[in-house]
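In the working numbering, the protein residues as written are 380 to 979. In what follows, a single structure is set out as structure tokens and then discussed.
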Amino acid sequence: MGTLVFDRWWFRAFVAVAMFFACQLCFMISRLQNLDEEKITLQAEVQTLERKRDTLLMDLANKERDILRLDRKEQQLEVLVRDRLSLASTTRKDDPMIYFVTPTAFRPAQKADLTRLSYTLSHVPNLHWIVIEDSDVTSKSISEILQRTQLSDLKRGAVYFGDDDNTYDLKLFDEIRSVKVAGIWPVGIVGGLIVEKPILSENGTVEGFNAIWKPDRPFPIDMAAFALNITVVTSHRGAAFSYDVARGYQESHFLTGLGLTRSDLEPKAENCTKVYVWHTRTEQSKLSKDDWRRLTAKNREQFDDAVKMGERKGQNFYYPPDFDYKKHKNLNKYHGTHALRERAKKISQGILVIRFEMPFNIWCLGCNNHVGMGVRYNAEKKKIGMYYTTPLYEFRMKCHLCDNYYVIRTDPKNFDYELVEGCTRQEKRFEPSEVDQIDTSDSAFSHKLAADAMFKTEHLEEDKDKATNDEVRMEKIEWVQERLRDDFAANQALRAQFRKEKRDLNEKRAQDADLRARCSLSIPLAPEDPNDQRVAEMLLRYRGVSCDSRGRATRTSRRGSSTADIPINILQGATSVFVDLIGGTLESVNAKEQRSSNQR
380 MGTLVFDRWW FRAFVAVAMF FACQLCFMIS RLQNLDEEKI TLQAEVQTLE RKRDTLLMDL
440 ANKERDILRL DRKEQQLEVL VRDRLSLAST TRKDDPMIYF VTPTAFRPAQ KADLTRLSYT
500 LSHVPNLHWI VIEDSDVTSK SISEILQRTQ LSDLKRGAVY FGDDDNTYDL KLFDEIRSVK
560 VAGIWPVGIV GGLIVEKPIL SENGTVEGFN AIWKPDRPFP IDMAAFALNI TVVTSHRGAA
620 FSYDVARGYQ ESHFLTGLGL TRSDLEPKAE NCTKVYVWHT RTEQSKLSKD DWRRLTAKNR
680 EQFDDAVKMG ERKGQNFYYP PDFDYKKHKN LNKYHGTHAL RERAKKISQG ILVIRFEMPF
740 NIWCLGCNNH VGMGVRYNAE KKKIGMYYTT PLYEFRMKCH LCDNYYVIRT DPKNFDYELV
800 EGCTRQEKRF EPSEVDQIDT SDSAFSHKLA ADAMFKTEHL EEDKDKATND EVRMEKIEWV
860 QERLRDDFAA NQALRAQFRK EKRDLNEKRA QDADLRARCS LSIPLAPEDP NDQRVAEMLL
920 RYRGVSCDSR GRATRTSRRG SSTADIPINI LQGATSVFVD LIGGTLESVN AKEQRSSNQR
């Protein structure tokens, strides 16, 4: 039976398939084992590569640090070379010296301008830089800049006045060295011109200037447009700048004081055809009030220290090394000052300086001048007693118009102020009810209202009656307020009314102008009167009716007959016309005829 089953084709096929899957399974198992080994190998290779990467990154960082260190060392060497060695060749050591004079004043951009100028001047050999600062002492920052430049000093050379905010070309300094008496050259962007320069004649001498601002000056040039030989300055000891000279005349005053004329000027910069100096200006700094107060401090060294330390607010005060909390408690005691500064200068006497506003109008007893309510003074405030649990304060202040002092005390009992000395109250008596004000009650009334229950009850009844009587008035006030609540609508209606009135006025002016033009009138026309307009209309209405017709109509109306030939409205109009023409009388023509018939 077993042999028969084995001989069956389907059994052999089944065995073959089973053996195939068994072989595939063995192959997959061996492959998985190999994959695990390859995974371990790859992980080891990855770790090796990561270590190499870290090593390379570390080497790269070290190289970068070395490069940075070399760059810094190069910069230091450049500074040392610039500060200690001349940047020009040694063959020019015998050239004339340039005395470069720079006036400067404190401003936010001062240090930046001077630093920029120092770098420019450090490239110029044989130059002596003189900085004139408008200050009592030399600023620490300017001293550092001058010390860093280390420009040498010689006796032979030229003098040049250069502003710290100008821009200079290095070629200018070669021109300055060649000055024998007084050299001159163009200046860019000054005096409202692109280039302000001298006008030369055919032989190369200065015969005028192209200045448009005050051209009548002896020397209408900028301070940066000329240089002088040092011998010219030393030979005229009295020549100097002056505070009494008008604006723009300092150059002329100084050159005239040296005895120079226009013929002494030497045109430089290729016969004044090139521009080597520009009158540039640093943009005005826009700083806050706190920064301006910090910048305008009297002690410049404190400002420099503040800039280095940075801005410190109230939560970050600087505590010095010798500060002892147990000994000093706070910074005010350490510095020997009070937190209120000048306001507490008499705090030991119990006096504090405050701003006191005058509560009412007064008269000064020293100069008899009037002091209005709301005027403020620096007053000395001190406590003088107590009213129950309320402190009494006294205020002492000096009159701003004389040397008299006011003394005013608080009066909590009467809810008022008491004028003790130096002033009297300006009396303005009036009835509160007449000016729509609430009547103030005195202290006696308040005490009685609080102590007497019956009086309080009566007063409450009076208040109710008053509220009832004022109900209509309050409703009117509320109506007015409600009407004006919508401010947009109110403004829109008001503007519409204004536009209508403006349009009517323009039309009226146009009509008057047309009438004056047609009638050849040169006098202004009076406003129209409604009565005149009505009279004119009636006269125009009877323009085609004859006198006989009006008389016949009058007689017919007196007899009571028919008035078919003349309309009734014509008769009435004629009567009103005659009434107006009489000059204000109230009797018509018909009434006069009736009286005459009665007399007959």
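Think of the CB as a built atom: it goes at the ideal place given N, C-alpha and C, for glycine as much as any other residue.
Taking the Cα positions, Ser409 is about 45 Å away from Leu439.
Residue state for Ala590 is assigned as coil, using DSSP reduced to three classes. Collapsing the DSSP output to three states places Glu662 in coil. When the Cα atoms are used, Gly583 and Lys647 turn out to be separated by approximately 10 Å. When secondary structure is reduced to three states using DSSP, Asp790 falls in the strand class. For Leu549, the closest alpha carbon among the candidates Leu644, Asp795, Phe406, Val654 is that of Val654. A residue is called buried once 16 or more other Cβ atoms fall within 10 Å of its Cβ, and Val611 is buried on that count. Going by C-alpha positions, Glu575 is about 6 Å away from Ala590. Between the alpha carbons of Lys887 and Ser901 lies a distance of about 17 Å.
For Phe540, the enclosing beta strand (DSSP E) begins and ends at 536-540. Here DSSP, grouped into helix, strand and coil, assigns Ala625 to coil. Between Val538 and Tyr478, the C-beta spacing is below 8 Å. A direct Cα-Cα distance of roughly 15 Å separates Gln871 from Lys881. Its Cα nearest to that of Ser642, the residue Ile578 stands out among Ser614, Ile578, Asp623. Around the beta carbon of Glu759, 16 or more other beta carbons lie within 10 angstroms, which makes this residue buried.
In this model, Ala397 and Arg391 are separated by some 10 Å (Cα to Cα). In the DSSP annotation of this structure, the continuous segment of the alpha helix (DSSP H) that includes Cys898 starts and ends at 866-898. Within its own chain, the residues whose Cβ lies closer than 8 Å to the Cβ of Asn650, once the five positions on either side in sequence are excluded, are Leu579, Gly583, listed in chain order.
Lys761 is bridged by DSSP to Glu773. According to the DSSP secondary-structure assignment, Asn608 is paired through a beta bridge with Ala537. In the DSSP annotation of this structure, the continuous segment of the alpha helix (DSSP H) that includes Glu861 starts and ends at 850-862. The stretch 557-564 makes no contact with the stretch 500-511; the number of CB pairs closer than 8 Å stays below 3. Remark: C-beta atoms of Leu719 and Thr803 do not approach each other more closely than 8 Å. With a contact defined as Cβ atoms closer than 8 Å, His658 and Ile568 qualify at about 5 Å.
CA-to-CA, the gap between Gly751 and Asn740 works out to about 5 Å.
Just measuring C-alpha positions, the residue of Val425, Phe702, Tyr756, Gln890 sitting nearest Pro738 is Tyr756. Residues of the same chain with a CB within less than 7 Å of the CB of Ile521, apart from the 5 flanking positions on each side, are Leu493, Val510, Glu512 in chain order. The straight-line gap separating the alpha-carbon atoms of Phe834 and Ala723 is approximately 50 Å.
Within the model, the alpha-carbon separation for Lys725 versus Gly753 is close to 26 Å. The beta carbon of Pro594 lies closer than 8 Å to those of Phe588 in the same chain, with the five residues before and after it left out. At the C-beta level, Phe540 and Met602 come within 8 Å of one another. In this structure Leu798 touches Ile787 by the C-beta definition: roughly 6 Å separates them, less than 8 Å. In the structure shown, Glu645 adopts extended strand secondary structure according to DSSP, grouped into three states.
By the CB criterion at 8 Å, Val558 and Ala618 fall outside the cutoff.
For Leu493, the uninterrupted alpha helix (DSSP H) run begins and ends at 489-500, by DSSP.
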